[in-house]
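**Q** Have a look at this one.
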Amino acid sequence: MIEGYPLRDLNTWGVDGHCSAFAAPETAGEASLLLERCVSEKKDFYILGGGSNVLVQDGLLDALVIHTVKMDSLSIEDGGDKVRLQIGAGYSVRKLLAWAVESDWGGLEFLVGIPGTLGGALWGNAGAAGTGFADLIESIDTLEPSGPRTWKNEELCWQYRQCPLNRKVSRMITGATLILKRSQPETIHEKLRLFSDLRKGQPHGAKTAGCVFKNPVGASAGRLIDQAGCKGMRVGGATVSEKHANFIENIGNASAQDIYTLGETCRERVFEQSGTELEYEVQFFGTFKKTRQ
Ligand code: EPU
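With our numbering applied, the sequence shown covers 0 to 292.
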């Protein structure tokens, strides 16, 4: 465990917070010991994967941040027409997709353009156009207050951008078992093209955390924020993307508070205009208070 650790390079918004304690365990056993220590010492903890869907508070985050990057094991059981993969939570989804495409295994094409780790992607049920991990997962391994547990897919609850586990109880995802089916390279590439096309209207190369809000049932958060006139709105170094209104870009040393204040302003404007309450998709590390603009 390291005391005092900068988080700027570990979150895609590039926000400059730091945590009081940091650890990067290599195994679920090591992670479990760290969590037990936090519980017995009544210390807050946060689990960090690729940092692509999190807002880390400014200044000191008085908590242990457990970075899963070293829990990146991959074991492959090739069954001919299908393959069983046991994957550590810290495995990069980009790397996983690249491997699957190269080896003609289908099903993961929806991951094109999605950053982060398997654990983070599962925790937030990442996906595109209604496609995600639900049909590919055999089981998910977690650490619970009672110890390690393996959840069979039938026990999980898959809903749009919601953790399939009980987020308030399960402490962290440590890995998962996926089943992929053999596919034709042309089919895989066609799907990759289709999913890439869906992302053409999004800002690329900018410092963002993907979509900030979940889409409300039957509506689009991006369209609502756009219609509320928020595109281009700015707070400090943060701006609502001109390309896609559900993205906030850090265009110059934005603080977490800048980003949060801008997010809250969008939420307020959308509520005033449409009566819809937007729900955050990004996860918060620390506490945030509304400040008036
Ligand atoms: N729209 C606007 N103005 C905007 C942005 C969008 O009018 O500024 C309109 C579009 O024209 C379109 C509709 O809103 O008619 C929906 O927009 P889009 O097709 O861009 O999809 P989305 O619902 O905003 C979702 C996911 C993305 C995923 C894409 C493609 C959510 C919150 N967002 O975006 O996921 O990449 O579909 O599958 O579910 C993410 O979750 O971080 C994310 C980026």
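Just so you know, even glycine gets a beta-carbon here, dropped at the ideal spot from N, CA and C.
All values derive from a computational prediction rather than experimental measurement.
1. Considering only residues of the stretch 169-212, which uninterrupted alpha helix (DSSP H) runs meet the minimum length of 4 residues and lie entirely inside it, listed in chain order?
2. Identify the residues that DSSP records as bridge partners of Ser74: which are they?
3. In three-state terms, what does DSSP make of Ala30?
4. Just checking Ser195 against ligand 1 - is the residue's beta carbon closer than 7 Å to any of the ligand's heavy atoms?
5. Quick one: is the Cβ of Arg222 within less than 7 Å of any heavy atom of ligand 1?
6. In chain order, what residues of the same chain have a beta carbon less than 8 Å from the beta carbon of Gly131, not counting five sequence neighbours either side?
7. With three or more C-beta pairs closer than 8 Å as the rule, is the stretch 194-208 touching the stretch 239-254?
8. Can you tell me where the beta strand (DSSP E) holding Ser138 begins and where it ends?
9. Any chance the CB of Gln282 is under 7 Å from a heavy atom of ligand 1?
10. Measuring alpha carbon to alpha carbon, tell me which of Glu280, Lys289 and Lys81 ends up nearest Asp257.
11. For the structure I just gave you, are there three or more beta carbon pairs, one from the stretch 89-107 and one from the stretch 50-59, closer than 8 Å?
12. Which of helix, strand or coil does DSSP assign to Asn245?
13. Using three-state DSSP, classify Tyr4 as helix, strand or coil.
14. Any heavy atom of ligand 1 within a distance shorter than 7 Å of the CB on Lys206?
15. So is Lys151 buried or exposed if we call it buried at 16+ other beta carbons inside 10 Å?
**A** If we stick to the structure as given:
1. 184-197
2. Beta-bridge pairing links Ser74 to Gln85.
3. When DSSP states are grouped into helix, strand and coil, Ala30 belongs to the helix group.
4. no
5. yes
6. Phe109, Asn124, Ala125 and Trp157
7. yes
8. Ile136 to Glu143
9. no
10. Among Glu280, Lys289 and Lys81, the Cα nearest to that of Asp257 is on Lys289.
11. no
12. coil
13. strand
14. Relative to the non-hydrogen atoms of ligand 1, the Cβ of Lys206 never comes closer than 7 Å to any of them.
15. exposed
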